[in-house]
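Engineer: Whatever position you read off the sequence shown (first residue = 1), add 985 for our numbering. One structure, pasted below without further comment.
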Amino acid sequence: MTKAILLRIERLLFLYFEEQRAYLAEMKKAAEKDHWLDSATVKQMLRISDRTLYEYTRKSKLVCRKRGSVNFYLEASVLKLMRG
986 MTKAILLRIE
996 RLLFLYFEEQ
1006 RAYLAEMKKA
1016 AEKDHWLDSA
1026 TVKQMLRISD
1036 RTLYEYTRKS
1046 KLVCRKRGSV
1056 NFYLEASVLK
1066 LMRG
């Protein structure tokens, strides 16, 4: 029974690391196409609070993609908001 548990843990770890590799590859590919910024950078650029950033995202003023537990914002949409 212990061996079965260890094999299950090994399989789950393997799947986890495969997902992480795929995630990193996807992030690298996305970074090559479009430039994405994290929320701290966006808040500093726009001089806004967490709540304002949430409202801009909710009202579709900023293009946002969630990767894992982190939100990333399309740089072009941030610059557009800064100009307008």
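Don't be surprised by glycine CBs; every beta carbon is placed ideally from N, CA and C.
#1: Could you check whether residue 1047 and residue 1019 sit closer than 9 Å to each other, using their CB atoms as the reference points?
#2: Kindly indicate which three-state DSSP category residue 1051 falls into: helix, strand or coil?
#3: Can you tell me whether residue 1035 is helix, strand or coil according to DSSP?
#4: Determine the extent of the alpha helix (DSSP H) in which residue 1067 is found, giving its start and end residues.
#5: Would you say residue 993 touches the ligand SAH, meaning its beta carbon is less than 8 Å from a heavy atom?
Structural biologist: This is what the structure gives:
#1: no
#2: strand
#3: helix
#4: 1060–1068
#5: With respect to the ligand SAH, the structure offers nothing, as it holds no ligand at all.
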